[in-house]
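Each remark here refers to the structure printed beneath this line.
Protein chains: 2
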Amino acid sequence: MLYMRSISDDRTSRAIIRDESLRLFAVNGPGTVTVRQIAAAAGVSPALVVHHFGSKEGLHQEVDQYVLDVFEAMLGELTGESGAELLDPKSGASSLSEAFARHLPDGSPVPAYVRRLLLSDTDAGRLLFRRLYDLSRSALDGLAAAGLAAPGQDPAVRAAFLLANDLALFLLRDRLTEVLGTDPLSADGMARWAPEMLSIYAGGLNATPPQPQGEAP
Amino acid sequence: MLYMRSISDDRTSRAIIRDESLRLFAVNGPGTVTVRQIAAAAGVSPALVVHHFGSKEGLHQEVDQYVLDVFEAMLGELTGESGAELLDPKSGASSLSEAFARHLPDGSPVPAYVRRLLLSDTDAGRLLFRRLYDLSRSALDGLAAAGLAAPGQDPAVRAAFLLANDLALFLLRDRLTEVLGTDPLSADGMARWAPEMLSIYAGGLNATPPQPQGEAP
DNA sequence: ACACCGACTGAACGATTGTTTAGCATGCTG
DNA sequence: CAGCATGCTAAACAATCGTTCAGTCGGTGT
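Here the protein sequences line up with chains E and A, keeping their order.
Under numbering that gives the first Met the number 0, the residue at position 48 of the first sequence is numbered 47, and the numbers go up by one with no gaps.
Under numbering that gives the first Met the number 0, the residue at position 34 of the second sequence is numbered 33, and the numbers go up by one with no gaps.
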């Protein structure tokens with residue numbers, strides 16, 4: 000933990016405070032983290048935290064907005080590179096959660112924070128979920144237009160079902176890692192998870208897809 | 000809020016404290032709920048809470064164990080009435096989450112508490128999830144033995160996938176209610192959700208099942 | 001009758017909470 | 001140079017936290 004920021008950290012103290020509180024909020028929840036903990040993690044005095052953000056609540060809101068922005072920027076990259084193929088079984092990124100994990104640095108606290116937001120009964124969380132739902136709807140529309148999936152009797156529910164399943168992987172990641180022995184969002188884990196998921200999405204629980212091994216180039 | 004327990008409440012003060020803290024923990028999280036809030040909700044002094052449970056942490060552990068017991072008792076009823084048919088597409092209760100909601104009184108705080116446990120990175124949460132996972136495995140085994148579903152290339156992952164999807168409905172209930180306009184765990188909502196889910200599980204995203212309307216008795 | 005015990009409370013304990021205040025540097029601007 | 005905002009801290013603020021303590025009350029056993 001020593002020398003974390005001692006050598007050439009060109010972030011302003013304000014940015015450091017924001018980053019450190021983002022990290023602490025993601026791990027422990029905004030309610031239980033104290034201003035003094037944040038100040039200590041950022042290497043400043045508690046008074047400076049209030050000086051820059053007005054109050055702990057002000058800091059909380061700014062961190063929320065910051066995460067929302069990061070998330071939105073990441074969505075921009077995703078739709079930019081793969082269009083409506085986010086849920087496309089043929090694409091490499093077969094899961095929104097997996098793409099999410101791929102587009103952020105390894106130790107980033109943002110995923111944990113987003114997880115907390117999604118489950119948090121706040122406007123920020125509602126906004127986030129609504130955004131993902133709209134994305135899921137348009138992705139399903141794209142698949143339907145391409146003949147890759149049927150819109151179903153109730154497209155709204157079908158899109159919600161696919162989104163919920165995708166997010167479940169993200170929300171229950173740690174629990175699934177425990178019972179499976181592999182992090183389902185890691186490369187190895189995805190290699191186990193994706194075929195099973197795609198098989199069900201392709202033909203249901205009874206389908207027996209051809210053995211995917213030994214395919215000619 | 001008046002007269003909540005004023006007329007013939009034969010619970011002991013200890014039980015009232017436990018119930019009220021269960022309710023408050025479920026809503027706000029154990030970390031942010033204060034002993035004084037619990038005492039006020041139970042209509043007793045803060046000192047009595049400590050007198051009965053040793054400390055706030057002691058109370059917390061006892062409530063955890065209590066919820067675990069309630070949950071286990073409910074699982075007993077479920078497996079007693081429907082055996083391995085918990086995930087059976089043909090059974091009326093097509094979702095574990097839905098059965099969960101059905102077997103508890105309407106305003107019960109237990110589901111919200113269980114939700115918090117499942118997401119909480121505690122031994123109690125791990126225990127709970129492991130229990131559900133084992134149930135999902137045996138349910139999948141049962142379906143496979145009955146020829147109703149293939150075990151898949153990786154049965155462990157397939158069981159985890161089905162469980163995660165089921166729990167997603169439970170974890171994201173409020174968010175799904177917002178975007179769908181219907182609580183997916185209510186009777187009306189399940190009538191929309193179940194056919195879509197069963198259709199995908201039966202034949203994948205491309206299947207077009209026969210219109211289920213106008214069927215002769 | 002007395003002693004005892006468990007349920008229970010009011011008041012206080014020290015620790016910790018978010019926030020305020022006064023003041024010290026530093027650097028820019030006139 | 002003076003003036004003034006900016007970044008920042010040490011110290012203290014009242015409020016609230018979990019917990020402790022002394023003591024009251026109602027019953028139960030002897």
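Heads up, the beta-carbon is just placed ideally off N, CA and C, and yes, glycines get one too.
Every value quoted in this text rests on a predicted model; they were computed, and no experiment measured them.
| query | result |
| --- | --- |
| Distance between Leu23 (chain A) and Ala149 (chain A) (C-alpha atoms, nearest Å) | 43 Å |
| Helix, strand or coil at Ser94 (chain A) [DSSP, three-state] | coil |
| is_contact[Arg174 (chain E), chain A] using C-beta, thresh 8 Å | yes |
| Spatial distance of Tyr132 (chain E) from Ala186 (chain A) (CA atoms) | 23 Å |
| Span of the alpha helix (DSSP H), counted from its first residue to its last, around Ala193 (chain E) | 186 to 202 |
| Span separating the alpha-carbon of Ser96 (chain A) from that of Arg115 (chain A) | 14 Å |
| C-beta neighbour in chain A for Arg129 (chain E), strict 8 Å | yes |
| Cutoff 7 Å; reference Glu19 (chain E); Cβ partners in own chain excluding five residues on either side | Ile37, Ala40, Ala41 |
| Residue from A:Ala143, A:Phe99, A:Ala167 with nearest C-alpha to Thr78 (chain A) | A:Phe99 |
| Test: Tyr112 (chain E) CB closer than 8 Å to a CB of chain A | no |
| Cα-Cα separation, Gln64 (chain E) to Thr31 (chain A) | 23 Å |
| Helix, strand or coil at Asp105 (chain E) [DSSP, three-state] | coil |
| Contact set between Gly151 (chain A) and chain E, taken where Cβ atoms lie within less than 7 Å | Glu195, Ser198 |
| Contact check, Ala157 (chain E) vs Leu139 (chain E), beta carbons under 8 Å | In the sequence on display, residue 157 (chain E) carries Arg and not Ala. Yes, these two residues count as a Cβ contact at 8 Å. |
| Check: Val32 (chain A) C-beta below 7 Å from any heavy atom of the ligand GTP | Only the bare structure without any ligand can be found here, which leaves the ligand GTP out of the picture. |
| Cβ neighbour criterion (16 or more within 10 Å) applied to Gly82 (chain A) | Here the model assigns Gly82 (chain A) a pLDDT of 47, short of 50, so the residue's position is not dependable and the matter cannot be decided. |
| Within-8 Å CB hit, Glu177 (chain E) to chain A | yes |
| Those runs of the alpha helix (DSSP H) which lie wholly inside the region 108 to 191 of chain E and span at least 4 residues | 109 to 117, 122 to 144, 154 to 170, 172 to 179 |
| Helix, strand or coil at Pro29 (chain E) according to DSSP, with G and I counted as helix | coil |
| Residue range of the alpha helix (DSSP H) that includes Arg35 (chain E) | 34 to 41 |
| Spatial distance of His102 (chain E) from Ser137 (chain E) (CA atoms) | 21 Å |
| Chain-ordered chain E contacts of Ala159 (chain A) [CB-CB under 7 Å] | Leu175, Val178, Leu179 |
| Contact set between Val225 (chain E) and chain A, taken where Cβ atoms lie within less than 7 Å | Because chain E is modelled from 0 through 216, residue 225 (chain E) falls outside the range shown and cannot be assessed. |
| Ser54 (chain A) burial status per 10 Å Cβ neighbour count (16 or more: buried) | exposed |
| Within 8 Å, strictly: CB atoms of Leu117 (chain A) and Gly124 (chain A) | yes |
| Environment of Asp165 (chain A) [buried if 16+ CB atoms lie within 10 Å] | buried |
| Cβ-based burial, Pro183 (chain E) [other Cβ within 10 Å; buried from 16] | buried |
| Cβ pair Val26 (chain A), Phe70 (chain A) closer than 8 Å | no |
| From E:Leu21, E:Val66, E:Ala193, residue whose alpha carbon lies closest to that of Phe160 (chain A) | E:Ala193 |
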